[in-house]
Structure formats: C-alpha cells, structure tokens
Ligand code: NAD
Ligand code: MN
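Below, the structure is given as structure tokens:
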C-alpha cells in the first residue's frame, strides 16, 4: 500500500503529518510519499497542481490531501488543486459522514452521510464576465448523476442504513436539477431495500439545521453537497472534526478533511488533526478494505477526546496543542 501525502497550505501542513504518523503506527508497511500542491506551490512554481504531483497520486492509488488556500479574487492561471485533483483522478463521489464524538457541543443523536457529486455542476469553473454581467455554467449530466447515486446507495447499505434523500432545486432549475433528481430516482429503483425521498435544497438546509437526527443519507449535486455538508459538520462538533473521502470506480481515492487552510490559526500549532485522522479511517475502511485498522483508529480518536484531550476549537481555553493531541493519540494506538 502506498499513500501520497499532499499537505498543501496552512494547517494542512500541521494535520497531515499527524494522520500520517497514526497510519504508520497502524500499518508500518504503508509507503508514504510527499507531493506538493496549493497556493504557495503556485506562487513558487507557477503550478497549483504540478504534473509530478498528479503522477505520484496516480502511482500511489491513494492520497491524503490537507488543505489549500485559494485567493478570494480571480488570479490568472490559478485553479483550486483539490477540484482539479478530484476530477483528474475521477474521484466522483465525496463521502461526508457526520457522526457523534464524545465532546461537549456535539449532538449525540446524529449519524448521517452526505454524498456529494464531485465532478460537475457550477464547479466546472466556466464563468464569463461581460461588463456588469457575469454568468456561470451549471453542467449536469445523466452519467455523473447516475454514478454518484449508485455510490450513495452502495455506501448507505454498507453503513447499515436504508433511507436516502435526494437534494435538488428542480422547481427553479427543472432541466439541470431535474435531470439529477430523475437519474437518482432511476438508480435507486434497483435498490428495493432503500426508501427514497426528495427535498428542495433550501428545505434540506432548514431541516438539517433544525432536526438533523431525522436523516440517514443525502445525495446532492456538487454545490449543494458542499454547503450542506459544512452545515452538517456543525452538529458533529465543528470543522476540525469533519472527515471526507473522495472515491471513484477504478480511480484514485482522496482522503480529505472538510476544512480549509485556516489562515487565522495556521502556524500556531493548535490545528485539530481529528478531521484528517478520521479521513484516513475512511480510506482504510472504504478504499483499502481494512475495517479493523479503521476501527482502531476511530476508537483511538474517541478515547483521546473522551479523556478530555482536544485542541482549542473543541476544548476552548482547556485545549491542548496539535503535538500534545498527537502524542496522546499515538499512545492509544
Ligand atoms: P477554514 O475551514 O479554513 O476555516 C474556517 C474556520 O474553522 C476558521 O476559524 C478555522 O480556524 C476553523 N478551523 C478549520 N479547520 C480547523 C481545524 N482543523 N482545527 C481548528 N480550527 C479549524 O475555511 P475558510 O476560513 O473559509 O477558508 C480558508 C482558506 O481555505 C481559503 O483560502 C479557502 O479557499 C480555503 N479552503 C480550502 C479547502 C480545501 O482545501 N479543501 C476547503 C475550504 C476552504
Ligand atoms: Mn467546502
């Protein structure tokens, strides 16, 4: 087994080494390879996602991606490398679970999965501006909608769930979101065990904020999935704890914490490595088929948090450093 480490920018560089150390403790035979991407890489080399990084990711078959910074304004030649990486590696389904963790502020009754389409929608980046008018192209295809629906159904069943909600806004966008909805419905028909329903995205946001315990799994186009999974992460104790895995069929899997590069705390040594650790657990479980190691890692994270050891985003003034958390976690592995 090989894992390509792409720490990226900001706290990506602080949390990826912790997750890599935990993985080596669990599976000493795993070969770790470093690769570069992100804003600082772009400034230095002119490429946000160098060809060598892409080649290394393909060769390894699995990636742990930290986070990258993206400028808020358009910079010529810069495109977010994680969006490009997901597309290049055809990791078309983004699995974003929210589970209860033993910390104050996390709901203890939520166990849900959001499956986000990863390759199209407004994220294709086709924007044009003409004077005071700007437009963006929203692209939805039947093939991409069907394959993410299938991934959602399979993952849902693997997690012992049976209810799926399709998220869309087909009342306003009948052609694009309507196609997504219809394809999901069609795919779900071949899973008679799954009870399918649908929600408009605004209603889904309201229900996710109000009563998240009603949900098991949701499948959504790219943009809605992005936004709703951040919302769901709030119930799990915050962005520092939210994990994800990008997966395709034969492609390369990308384990990726949901959070960004957190410039407000980068360099202070207080970033929460749990999101990155739990992303590696998802990789162990769903990509490498190593459920025992996945569970050992998840238990070690839970035990550490249950002992009251957590970074300041979770524990406030009683919070410990990233290094102290890592030490406590590694001791439990
Ligand atoms: P962010 O996730 O970086 O930070 C949001 C807030 O959550 C901040 O207050 C931050 O301190 C806190 N936070 C996030 N992760 C944390 C962790 N592990 N431990 C402790 N606190 C944590 O989102 P943002 O501030 O909107 O974006 C910052 C930069 O990250 C931007 O340049 C944005 O483009 C980029 N970004 C990248 C990704 C990615 O690489 N996948 C995702 C989102 C944002
Ligand atoms: Mn996001």
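In the UniProt record's numbering, the protein residues as written are 1 to 333.
Quick reminder that beta carbons are idealized off the backbone N, C-alpha and C, glycines included.
Excluding the 5 residues flanking residue i on each side, which residues of the same chain have their C-beta closer than 8 Å to its C-beta?
{"i": "residue 177", "result": "140, 168, 169, 170, 221"}
{"i": "residue 292", "result": "none"}
{"i": "residue 108", "result": "100"}
{"i": "residue 30", "result": "1, 2, 3, 23, 24"}
{"i": "residue 245", "result": "94, 95, 253, 254, 255, 256, 279, 282, 283, 286, 287"}
{"i": "residue 47", "result": "41"}
Have a look at the options and flag the residue whose alpha-carbon is nearest the alpha-carbon of residue i.
{"i": "residue 3", "options": "197, 206, 58", "result": "58"}
{"i": "residue 71", "options": "257, 62, 43", "result": "43"}
{"i": "residue 61", "options": "325, 321, 252, 315", "result": "252"}
{"i": "residue 64", "options": "279, 305, 313", "result": "279"}
{"i": "residue 264", "options": "105, 5, 11", "result": "11"}
{"i": "residue 335", "options": "152, 185, 213, 18", "result": "The structure shown has nothing for residue 335, since the chain only spans 1 to 333."}
{"i": "residue 315", "options": "287, 295, 271", "result": "271"}
{"i": "residue 237", "options": "47, 313, 197, 26", "result": "313"}
{"i": "residue 105", "options": "329, 290, 310, 113", "result": "310"}
{"i": "residue 118", "options": "144, 192, 138", "result": "144"}
{"i": "residue 148", "options": "249, 128, 82", "result": "249"}
{"i": "residue 172", "options": "158, 123, 46, 200", "result": "200"}
{"i": "residue 198", "options": "320, 185, 331", "result": "185"}
{"i": "residue 344", "options": "90, 331, 154, 39", "result": "Residue 344 lies beyond the range of the chain shown here (1 to 333); nothing can be said about it."}
Once the 5 residues before and after residue i are set aside, which same chain residues still bring their CB inside 6 Å of it?
{"i": "residue 146", "result": "183, 187"}
{"i": "residue 306", "result": "102"}
{"i": "residue 122", "result": "136, 138, 223"}
{"i": "residue 290", "result": "284"}
{"i": "residue 128", "result": "135"}
{"i": "residue 124", "result": "139"}
{"i": "residue 328", "result": "304, 309"}
Excluding the 5 residues preceding and the 5 following residue i in the sequence, name in chain order all residues of the same chain whose CB lies nearer than 7 Å to its CB.
{"i": "residue 116", "result": "94, 96, 220, 222, 225, 226, 229"}
{"i": "residue 54", "result": "88"}
{"i": "residue 26", "result": "293, 296, 297, 333"}
{"i": "residue 142", "result": "179, 183"}
{"i": "residue 120", "result": "139, 140, 141, 144, 222"}
{"i": "residue 79", "result": "48, 125"}
If you check the beta carbons only, do residue i and residue j fall under 7 Å apart?
{"i": "residue 132", "j": "residue 69", "result": "no"}
{"i": "residue 281", "j": "residue 256", "result": "no"}
{"i": "residue 274", "j": "residue 241", "result": "yes"}
{"i": "residue 301", "j": "residue 277", "result": "yes"}
{"i": "residue 208", "j": "residue 243", "result": "no"}
{"i": "residue 194", "j": "residue 162", "result": "yes"}
{"i": "residue 49", "j": "residue 37", "result": "yes"}
{"i": "residue 269", "j": "residue 322", "result": "yes"}
{"i": "residue 326", "j": "residue 75", "result": "no"}
{"i": "residue 13", "j": "residue 33", "result": "no"}
{"i": "residue 166", "j": "residue 150", "result": "no"}
{"i": "residue 35", "j": "residue 82", "result": "no"}
{"i": "residue 113", "j": "residue 205", "result": "no"}
{"i": "residue 164", "j": "residue 157", "result": "no"}
{"i": "residue 16", "j": "residue 66", "result": "yes"}
{"i": "residue 213", "j": "residue 110", "result": "yes"}
Between residue i and chain B, is the shortest Cβ-Cβ distance under 7 Å, so that the two count as touching?
{"i": "residue 221", "result": "The chain labelled as chain B is not found in the depicted structure, where only one protein chain is given."}
How would you write the range of the beta strand (DSSP E) that residue i sits in, first residue to last?
{"i": "residue 32", "result": "31 to 34"}
{"i": "residue 66", "result": "62 to 67"}
{"i": "residue 116", "result": "111 to 117"}
{"i": "residue 48", "result": "Taken as a continuous stretch (DSSP letters only), residue 48 belongs to no beta strand (DSSP E), as it is neither H nor E."}
{"i": "residue 3", "result": "2 to 8"}
Residue i lies in the alpha helix (DSSP H); which residues open and close that run?
{"i": "residue 85", "result": "81 to 88"}
{"i": "residue 12", "result": "12 to 26"}
{"i": "residue 100", "result": "Segment: none, residue 100 is in no alpha helix (DSSP H) and carries neither H nor E."}
{"i": "residue 122", "result": "Segment: none, residue 122 is in no alpha helix (DSSP H) and carries neither H nor E."}
{"i": "residue 330", "result": "322 to 332"}
In chain order, each beta strand (DSSP E) run of at least 3 residues that lies wholly inside the region 245 to 313 = 245 to 247, 253 to 255
key: Residue ranges of each alpha helix (DSSP H) within the region 199 to 238, 4 or longer   = 201 to 210, 222 to 235
Minimum length 4: unbroken alpha helix (DSSP H) runs contained in the region 125 to 202 = 142 to 158, 176 to 188
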